[in-house]
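Chemist: Numbering (the numbering used here), first residue to last: 971 to 1414. The beta carbon of each residue, even a glycine, is placed where N, CA and C say it ideally should be.
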Ligand code: EPU
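1. What does DSSP give as the partner residues of residue 935 in its beta bridges?
2. Just how far apart, CA to CA, sit residue 1017 and residue 1204?
3. If we count the other Cβ atoms within 10 Å of its Cβ and call it buried at 16 or more, is residue 1136 buried or exposed?
4. Can you tell which of 1217, 1250, 1231, 1050 has the C-alpha that lies nearest to the C-alpha of residue 1238?
5. Excluding the 5 residues preceding and the 5 following residue 989 in the sequence, name in chain order all residues of the same chain whose CB lies nearer than 6 Å to its CB.
6. Helix, strand or coil, according to DSSP, for residue 1058 in the structure here?
7. Leaving aside the five residues before and after residue 978 along the sequence, list all residues of the same chain whose C-beta is less than 6 Å from its C-beta, in chain order.
8. In angstroms with no decimal places, state the Cα-to-Cα distance between residue 1370 and residue 1391.
9. In chain order, what are the residue ranges of uninterrupted beta strand (DSSP E) at least 3 long that sit wholly in the region 1034-1087?
10. Any heavy atom of the ligand EPU closer than 7 Å to the beta-carbon of residue 1283?
11. Would you call the region 1294-1312 and the region 1333-1345 in contact, with 3 or more CB pairs under 8 Å?
12. Spell out the partners DSSP gives residue 984 in its beta bridges.
13. Taking the C-alpha atoms as reference points, what is the distance between residue 1283 and residue 1272?
14. By the three-class DSSP mapping on this structure, what secondary structure does residue 1248 have?
15. Would you kindly work out how many angstroms separate the C-alpha atoms of residue 1336 and residue 1110, rounded to a whole number?
16. To which residues does DSSP link residue 1336 through a beta bridge?
17. Within a Cβ cutoff of 6 Å, which residues of the same chain sit near residue 1108, ignoring the five residues on either side of it in sequence?
18. Taking just the CA atoms, how far does residue 1181 sit from residue 1036?
19. If you draw a straight line from the C-alpha of residue 1394 to the C-alpha of residue 1024, how long is it?
20. Taking 7 Å as the limit between beta carbons, can you name the residues of its chain near residue 976, skipping five residues before and five after?
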């Protein structure tokens, strides 16, 4: 597997001395989970596309690298401004090296089928947060007329013609919804997706595709209808801001008893987060250019569940859990999106957090993991004194939560595996520094 080499440097360790109140302003970057899909969508046209507010992070670099191998031309024309031109694609295959890095290869299938009638991509990976299958993607592409063969961990896909169909997703998967939308824009006829994901990043992708000439309706009850068009044109689009990064800095502000203005945080995209933030004792003020987050002192425990949008998103869970280690009493989190998203709790426990994992559903919502042996609920007992130590990052979102834990811990924490964080957060070191964190970087 190809190594992640984000931002062309090999930063491997952050050293953080905890205990400072973090204060100041940070500007959130564009959303990784929208920008990467929009880069993929640009492959549907031969005309030039312009994307603004694209974060300069490892995952974007890897996505652009893959597109370049297919024959894409791209250039950075300003701060976060990317021009992509795909008039002469020359390959329909993503090399095997790109397996296990991110979820993008599987999303490339639709554009490649439209351009070449065939496509070969390695099975995707992404963060180490459970098995993360792609069965919904594959079944959906088959419903649109593709034939799919899995050989030597590669999907070999053919389609002479793609035609619209009715696709009911077993679960509102973000990636599968995006894959179907991207593929259906140029398919013949109408595609209806039932039980679709309606995350803001999905809607942002739809907006970009609409600017490119697509016809896509977002109906009530998780229904999305795509009327296929003959061709798409180039377009300009500004990527939405990253609501995961915004919520992570919000948690950091509350837990360090700090005061952080998160420029570019969007209240619309964070309604559920803000409700829970308030319930736990975090305070915020919505301002013209973002949201100001601070703390009223004591934090109170809460029982909560993650779920698909518009509920509390799974990627907010990890930083929020660190916040709950500082609340006085017992909190409960029921993770209903991923079966295995508490892997990060072990390191927090070693730092002094009291977290107990359960394979029961400790919540109200029906969950796909009920009765199965997945530790997908937890009880957190606070308030715990965290102690700095050597920490290894298992995945991107866990990574940010460790930075938060280190920022409140007594003593020094050495955080390894920073490449994971830099895959998804732009200039995270600089942002922590700007807020007054005692953070150092050691290059290997
Ligand atoms: N699932 C299947 N089969 C499929 C597809 C999904 O069983 O074919 C299951 C997954 O295993 C999971 C659930 O459905 O249990 C939801 O997965 P989804 O497809 O919605 O996730 P994704 O598209 O792979 C994106 C984000 C994740 C984010 C989730 C949920 C990207 C690149 N990734 O993943 O973000 O957690 O949606 O909102 O957009 C991250 O940025 O760190 C990250 C993990």
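Modeler: Result, derived from the coordinates:
1. What is shown of the chain runs 971 to 1414, which leaves residue 935 out entirely.
2. As a position in the chain shown, residue 1017 is number 47, starting the count at 1. As a position in the chain shown, residue 1204 is number 234, starting the count at 1. Their Cα atoms are separated by approximately 5 Å.
3. Here residue 1136 is taken as the residue at index 166 of the chain shown, counted from 1. Label assigned to residue 1136: exposed.
4. Here residue 1238 refers to the residue found at position 268 of the chain shown. The shortest CA-to-CA distance from residue 1238 to any of 1217, 1250, 1231, 1050 is the one to 1217.
5. Against the chain shown, residue 989 aligns to sequence position 19. There are no such residues.
6. Sequence index remark: in the chain shown, residue 1058 carries index 88 (1-based). Note: residue 1058 maps to coil in three-state DSSP.
7. The sequence position of residue 978 within the chain shown is 8, counting from 1. In this prediction, residue 978 has a pLDDT of 48, which is less than 50 and means its spatial position is unreliable; what the coordinates show is noted afterwards. Residues of the same chain with a CB within less than 6 Å of the CB of residue 978, apart from the 5 flanking positions on each side, do not exist.
8. Taking the chain shown and counting its residues from 1, one reaches residue 1370 at position 400. Taking the chain shown and counting its residues from 1, one reaches residue 1391 at position 421. Taking C-alpha positions only, residue 1370 is separated from residue 1391 by approximately 7 Å.
9. Runs found: 1043-1048, 1051-1055.
10. In the chain shown, the residue the question calls residue 1283 occupies position 313. At least one heavy atom of the ligand EPU is nearer than 7 Å to the Cβ of residue 1283, so yes.
11. The answer is yes - the region 1333-1345 touches the region 1294-1312, with three or more Cβ pairs under 8 Å.
12. Looking up residue 984 in the chain shown gives position 14. According to DSSP, residue 984 bridges with 1385, 1411.
13. For this step, residue 1283 is matched to residue 313 along the chain shown. For this step, residue 1272 is matched to residue 302 along the chain shown. Going from the Cα of residue 1283 to the Cα of residue 1272 covers about 16 Å.
14. The residue you call residue 1248 lines up with position 278 of the chain shown. Three-state result, residue 1248: helix.
15. Here residue 1336 refers to the residue found at position 366 when the chain shown is read from its first residue. Here residue 1110 refers to the residue found at position 140 when the chain shown is read from its first residue. If you take the alpha carbons of residue 1336 and residue 1110, they lie about 25 Å apart.
16. Residue mapping note: residue 1336 aligns to position 366 of the chain shown, counting from 1. Paired residues: none, contrary to the question.
17. As a first step, residue 1108 is located in the chain shown; it is residue number 138 there, counting from the start. Here the set comprises 1118.
18. Within the chain shown, numbered from 1, the residue matching residue 1036 stands at position 66. Within the chain shown, numbered from 1, the residue matching residue 1181 stands at position 211. Spanning the two alpha carbons is a distance of roughly 24 Å.
19. Working through the chain shown from its first residue, we reach residue 1394 at position 424. Working through the chain shown from its first residue, we reach residue 1024 at position 54. Roughly 12 Å separates the two Cα atoms.
20. Reading the chain shown from its first residue, position 6 is the one you call residue 976. Caution is warranted here: a pLDDT of 41 is assigned to residue 976, below 50, making its placement in the model unreliable, and no coordinate value can be reported.
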